[in-house]
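S.K.:
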Amino acid sequence: MTPQAPSPTHPASLLRRYLFTTDHHIIGLQYLTLSTVAVLIGAALSLLMRLHLIAPNLAIPGHGPILPEDYLALVTLHGTLMLFFVLTVAPQSGIGNLILPAQIGARRMAFPHLNAASLWITALALLTLLASTFVQGGAAISGWTAYPPLSAIASAGPGQGLGMDLWLASIALFAVATGMSSINTLTTVIRLRCDGMTWDRLPLTVWSWFTAALLSLIAFSVLSAALLLLLLDRHAQTTFFIPPGDLTSGLLRPASTHGNGSPLLWLHLFWFFGHPEVYIAILPGMGLTSMLLANFSHRRPFAYRAMIATTLLIGFLGILVWGHHMFVAGLNPFAGTAFSISTMAIALPSAAKVLSWLATTWRSRPHLTTPMLWALGFVSLFVTGGITGPILAQPILDQYLHNTFFVVAHFHLIMAMAGIFGLVAAVYYYFPLVTSRLLSETLGRWHFWLTIFFAYNTFLPMHFTGLLGEPRHYAQLTGIPNSAGPFLARTMSLQRHITWSAIGLALSQLPFVWNILATLHHGPVSPHNPWQSTTLEWHPALSPFAPRFPHEDQEKIVVFRPPCEYGPHQDAFMPQWQPDPASNEKPE
Amino acid sequence: MPAIFTPSDTDRKRPHVDDGDHGSGRRPPFDDGLKRTGGGGDNDNWNDRPQGRRGPREKLERFRLGLFFALAGDLMFFVAIVSTFFVTKSSSHFDAYDHYINEWLPTAIPRILWINTAVLFLSSVTVEFARRRMFHQFDVMEEWFGLGKPTSRRALPWLAATIVLGFAFLAGQTVAWSQLDHQHVFLKTNPSSHFFYLITYTHAFHLLLGIAGLITAVTGLVVSKQIENRQILVDCAAWYWHSMGVLWLFLFILLAFFQ
Ligand code: HEM
Ligand SMILES: [Cu+2]
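Residue numbers (this note's numbering), protein chains in the order written: chain S, -11 to 576; chain C, 39 to 297.
Next up, the structure:
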C-alpha cells in the first residue's frame, strides 16, 4: 500500500526543518548534539583534574595554577555535565526520541510541541550551567550533590554566590524539561502503540525508557521541591536546611538568624532524587543491551517476561534505597539497617538481569559485530562495578569507604563507563538507520578494545587508592602534613597510572571520531536492516528520514509477533511486522 | 452475509460505544448517557481505524493522560514539601545550656482562608458545568454538522465565572498574607511560617497557571475552528482546576489542623 508518487508534506524552510522543528527524529539528534558538547567539555575537565593530581604545580596557560577551589569547581562541573547532560539526556531523550516512537509503531510523539519545548529548556539549562563559570566568585564548588549548609549561604566561600545560584537555576530548568519529556514518553508509550503491539510485545528498550520516565517524573519533582527550598534559604532568609549554632564562626551569618533546620533534610530530599537518577541513567543501556545480545545471538532474550518484571522492580526498589548514601551522615542506625536491606534487595533484580544476559549469549555463537562487542562490554562493566555495590551497602564497611575513591570507582564503572558503553553501542547499531551508511568494523573493533582496556586501567586502581584512604574531592595528595601524608604519598604511583590511562582513554576515542567523519563522507552504503533486527524501528515505512506522506496515504503499521523471533537457520529472522514465517518452518 | 464469524470479529472483549459510529472515525466525543464525557470517536476500533490520526476521542484521551502524568509529578512536588513540613515540625535541638528546644510556633490561620476555600470549591462547581457543556450530545452534534457553536456559547459564561472566582480566591489569599504581615509574621519568622508562606505561595502559583489555562480555553472557544480542540482545552483546564481545588483542601487542612 505504499503510495506511488512521494509527496512530502511540508516543504518548510531549512530553519524550520532542522532547528525549530517538532519532528522527534531531529529533536533526538539535537539532544545528542547537546550531549556531545557536554561530554567533550566534561572529559576535558576530568583530564585537567587528573593532571593536577599528579602534577600539582602545573600551571594552565591563561589561568595559572589550579587552586583548591578551582579543583572543586572542576569536580562539580564535570559531575553535573556528565550525569545530567550526558547520561540523562543522551540515552533517554536523545536515543529515546530517535528510536522509541518507531519501536512501538508510532510516527510521532504524543506531544510534539512539548517535546520541542523540553529540548530548548534543556539547552537553556546547559547554557546557564556553562555561564556559571564566568560569573564573579566563580562556579559552584559543592559537587553534584550541593550539600548545605555551605551551599545555603552565599558568603560561605568561593563559588557559593552567583555561581551557586546559576547552578541551582540550571538544575531547576533541567528538572522542568525532564519532567516534560517524561510526560511525553509515558503518554506516547501508553497511547500510540500500533495495532498488535501489546504490552508483552514491547521491546525491552521501550520498557526501560518507560520505567526511566516514570522514575524521572517522580524523582525530578522531588528535586524541584528541594531546589526551591534551598533557593529560599539563600534568598528569603528561611532556615529549612540551616542548622542552629554558629556554623561559620559568626563571621558569615548575622547571629540573629539562627536556624532550626537540618542539612540532613536536604540529603533525604536530594538522594530520594539522586538514587533513582542513577538508574534513569543506566536503564536505557540495560534495555539496549538485552536487545542487542538477543539479536546478535539470534535468540529471544532469556526469560523475557521476567526481564520486563525486573526492569519495573529495579525502578520500584530504586525509590526505596536512598538512605545508602547517608550511612555516615548522622542517620539513625536502625534506618541504616533498613536501607541496607532494601539496597541488597535491589541487587537481586540486577543480578537477574546479568544472568539473563549471560544465558542469552551462552553457547549461541554470537555474531561479534561492533555493537555486540560494546553490549558485551556493558555487561562486563556492569558486573565489575556492581559487585562493589553490596560492599558499600554495609553500613559498617561504608564507615570506612564512604567519601573515598572506592565509591568513585564503583560508580564510574557501573554508571559512567557502562552508560557510555550503552550509548556507543547505540551509535554503532543505529548509525546505518539514521545515515544509511555502515561504520567501519575494523575501526570499531580498535575503538572497543582500546576503550575497554583503558577504562579498566583508569577505574580499577581507584578501588585501591580508595582503600588506601584517598578521599574524594581532594585537590592535592602531596605535601599533606601529619600521618595522612605518608598514606596518600603511597598512592602516587597508582595516581600516575590512572592519569596516563585516562589520557589513553580519551585518545582511544579518536578512531571513533575518525570512523564517524569518514563514514559520513564516503562510507559503504548499508543494506536495509543490516543487523537483521526484528524490531519496528527497521520497518521500511518507519525509517527516520523516509519521506512523509499525508496521513491518509500512510501504510498501516501492524505487529504480529513479539520481538526477537528467529528461525532455526542462521539467516531466518521474523520481524515483528511480518505476518507469517518467511519459510515453511515454524519458529522454534 | 458471512457464514462463519472469524475470531477477529467476535474476539472483542467488551462492547464498544463507538460501534456504528458513522463519522468515519472523526465524530467528536460527547456525553451519550453511557459515559459521562465519553463515547464516540474510534479510540479502540481495533480493526478498521484510520492509521496515524485515530480520531478526536483518542486525542482527548491522549491529552487527559498527559495532564494526568503532569499532575502526578506535581503531586510528588507537594508530597516532598509536606513531608518536609512534618520533619521540620518535629525536629528540635539542644542549645548551649542543654535545653531541648523546638522552635516551631504554629502560625494562626487567618479566618479569611475559610471563605477562600469556599470560593475555590464554588469555582470547581462552575468549571465542571463548563466542562459538561462541552460534551452535551445535541450541542456537539449540531456543532459538528456546522450549525453554529452552541457548546462554546453555553460553556463560556461558566468559564468566565470560574476565572472571576479564581481571582477572588487569589485576592482572598493576598488579604490573608497582608493580615499576617500586620501581625509581623513573615516568611522568615519561624519554621512554621516558612511553611505557611511556602505552601500558600506555591499553591497560588499553581492557581495562576490554572487561570492562564482557563483564559487559554476561553480564547480557544472563540478562535479554534475544531470542536475537538475546544473540548480538549476546556476539559484539561477543568481537570487541572479540580486537582488544584482538591490539593488546596489537603493543604488547608494541613495548615489549619496539623500545625
Ligand atoms: C547492585 C546494586 C548497587 C548497590 C548495592 C549500590 C550501592 C551503593 C552504595 C551503598 C553507595 C554509597 C556509597 C557511599 O557514598 O559511601 C553507592 C554510590 C553510588 N552508586 Fe551504587 N549501587 C548499586 C548499583 C548502582 C548503579 C546501577 C548505579 C548507576 C547506574 C550506581 C551509581 C552510584 C553512584 C553514582 C554513587 C555515588 C553517588 C555520589 O556519592 O556521588 N550504583 N552505591
Ligand atoms: Cu544509590
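We put the CB at the ideal spot given by N, CA and C, even for glycine.
Is A335/S near ligand 1 - that is, is its Cβ less than 6 angstroms away from at least one heavy atom of it?
M.R.: Yes, since a heavy atom of ligand 1 falls inside the 6 angstroms radius drawn around the Cβ of A335/S.
S.K.: With a threshold of 7 angstroms between beta carbons, is P89/S in contact with chain C?
M.R.: No, its Cβ sits nowhere closer than 7 angstroms to a Cβ of chain C.
S.K.: Quick check on the burial criterion: 16 or more other C-beta atoms within 10 angstroms. Buried or exposed for F207/C?
M.R.: F207/C is buried by the Cβ-count criterion.
S.K.: Is the beta carbon of W197/S sitting closer than 7 angstroms to the one on T227/S?
M.R.: No.
S.K.: Determine contact between the region 148 to 166 of chain S and the region 89 to 98 of chain S, defined as no fewer than three beta-carbon pairs at a distance below 8 angstroms.
M.R.: Short answer: they don't touch.
S.K.: Give the list of continuous alpha helix (DSSP H) stretches no shorter than 4 residues that lie fully inside the region 209 to 280 of chain C.
M.R.: With a minimum length of 4 residues, the continuous alpha helix (DSSP H) runs that stay inside the region 209 to 280 of chain C are 229 to 261.
S.K.: In chain order, what residues of the same chain have a beta carbon less than 8 angstroms from the beta carbon of D559/S, not counting five sequence neighbours either side?
M.R.: Once the five neighbours on either side are set aside, the close Cβ partners of D559/S are Q520.
S.K.: Output needed in chain order: residues of the region 104 to 128 of chain C with a Cβ under 9 angstroms from some Cβ in chain S.
M.R.: Result list: G104, L105, F106, F107, A108, A110, G111, D112, L113, M114, F115, F116, V117, A118, I119, S121, T122, V125, T126.
S.K.: Three-state secondary structure (DSSP) at I92/S?
M.R.: Here I92/S sits in coil by DSSP.
S.K.: Inspect the beta-carbon positions of P264/S and L305/S and report whether they are closer than 7 angstroms.
M.R.: Against a cut-off of 7 angstroms, the Cβ pair of L305/S and P264/S comes out as no contact.
S.K.: Please identify the residue among R169/C, I150/C, D177/C whose C-alpha is closest to the C-alpha of Q211/C.
M.R.: It is I150/C.
S.K.: Look up F561/S in the DSSP assignment and say whether it is helix, strand or coil.
M.R.: In the structure shown, F561/S sits in a strand (DSSP, three-state: E or B).
S.K.: Out of P232/S, V309/S, M274/S, P272/S, which one is the CA nearest neighbour of F258/S?
M.R.: Nearest of P232/S, V309/S, M274/S, P272/S to F258/S, Cα basis: V309/S.
S.K.: Quick one: is R137/C near chain S, going by C-beta distance under 7 angstroms?
M.R.: Here residue 137/C is His; the residue named in the question, Arg, does not match the sequence. Closer than 7 angstroms: no.
S.K.: Using a beta-carbon distance cut-off of less than 7 angstroms, what residues from the region 200 to 230 of chain C approach chain S?
M.R.: Against chain S - using a Cβ distance shorter than 7 angstroms - the residues of the region 200 to 230 of chain C are L225, K226, P229.
S.K.: Please name the residue, chosen from A128/S, M168/S, A134/S, that lies closest to L150/S on a Cα-to-Cα basis.
M.R.: Residue A128/S is the option with its Cα nearest to L150/S.
S.K.: Can you name the start and end residues of the alpha helix (DSSP H) that S344/S belongs to?
M.R.: It spans 321 to 349 - the alpha helix (DSSP H) in which S344/S sits, taken as one unbroken run.
S.K.: Determine whether the beta carbon atoms of A94/S and L180/S lie at a separation below 7 angstroms.
M.R.: Yes; because the gap between Cβ atoms is below 7 angstroms, this pair is in contact.
S.K.: How would you call G79/C, buried or exposed, if buried means at least 16 neighbouring beta carbons within 10 angstroms?
M.R.: Low confidence applies here, because G79/C scores a pLDDT of 39, under 50, leaving its location unreliable and the question unanswered by this model.
S.K.: Closer than 9 angstroms between beta carbons: that is the criterion. Which residues of the region 316 to 348 of chain S meet it against chain C?
M.R.: Listed by position, the residues of the region 316 to 348 of chain S near chain C (Cβ gap below 9 angstroms) amount to none.
S.K.: For H131/C, which residues in chain S fall below 9 angstroms Cβ to Cβ?
M.R.: The contacting residues are P231, P232, G233, N248, S250.
S.K.: Mapping the DSSP letters down to three states, classify F101/C as helix, strand or coil.
M.R.: Here F101/C sits in helix by DSSP.
S.K.: Flag this pair as yes or no: are the beta carbons of A213/S and I249/C separated by less than 7 angstroms?
M.R.: Result no, Cβ atoms of A213/S and I249/C do not sit closer than 7 angstroms.
S.K.: For the region 205 to 233 of chain S, enumerate the residues whose C-beta is nearer than 9 angstroms to any C-beta of chain B, in chain order.
M.R.: The structure shown has no chain B; the protein chains it does contain are S and C.
S.K.: Counting only C-beta atoms, is E181/C closer than 7 angstroms to chain S at any point?
M.R.: No, E181/C lies away from the interface with chain S (no Cβ there is under 7 angstroms from its Cβ).
S.K.: Taking a cut of 7 angstroms between CB atoms, which residues from the region 178 to 209 of chain S lie near chain C?
M.R.: The region 178 to 209 of chain S vs chain C, Cβ under 7 angstroms: I178, R179, D183, L205, I206, S209.
S.K.: Check each candidate in H66/S, I178/S, M185/S, Y19/S and name the one with the smallest Cα separation from L112/S.
M.R.: L112/S has its Cα closest to that of Y19/S, out of H66/S, I178/S, M185/S, Y19/S.
S.K.: For G167/S, decide whether its Cβ has a neighbour in chain C, counting only Cβ atoms nearer than 7 angstroms.
M.R.: It does; some Cβ of chain C falls within 7 angstroms.
S.K.: Kindly list, in the order they appear in chain S, the residues whose Cβ is closer than 8 angstroms to that of E99/C.
M.R.: Those are R179, listed as they occur along chain S.
S.K.: Taking the alpha carbon of Y235/C as the point to measure from, which residue in L98/C, S161/C, H280/C, Q217/C has its own alpha carbon closest?
M.R.: The residue with the shortest Cα to Cα distance from Y235/C is Q217/C.
S.K.: At a cut-off of 6 angstroms, would you count A340/S as near ligand 1, judging by its Cβ distance to the nearest heavy atom?
M.R.: Checking the Cβ of A340/S against ligand 1 gives no.
S.K.: May I ask which residues mark the beginning and end of the alpha helix (DSSP H) holding W259/S?
M.R.: Taken as a continuous stretch (DSSP letters only), the alpha helix (DSSP H) holding W259/S covers 251 to 285.
S.K.: Alpha carbon to alpha carbon, how far is V546/S from P567/S?
M.R.: Roughly 9 angstroms between the two C-alpha positions.
S.K.: Between which residues of its own chain and W526/S is the CB-CB distance below 6 angstroms, once the five residues before and five after are set aside?
M.R.: Cβ neighbours of W526/S beyond the five flanking positions: N517.
S.K.: Let me know if K97/C comes out buried or exposed under the rule of 16 or more other beta-carbons within 10 Å of its beta-carbon.
M.R.: K97/C comes out buried.
S.K.: Starting from the Cα of A282/S, find the closest Cα among V513/S, P354/S, L336/S and give me that residue.
M.R.: Checking every option, the nearest Cα to that of A282/S belongs to P354/S.
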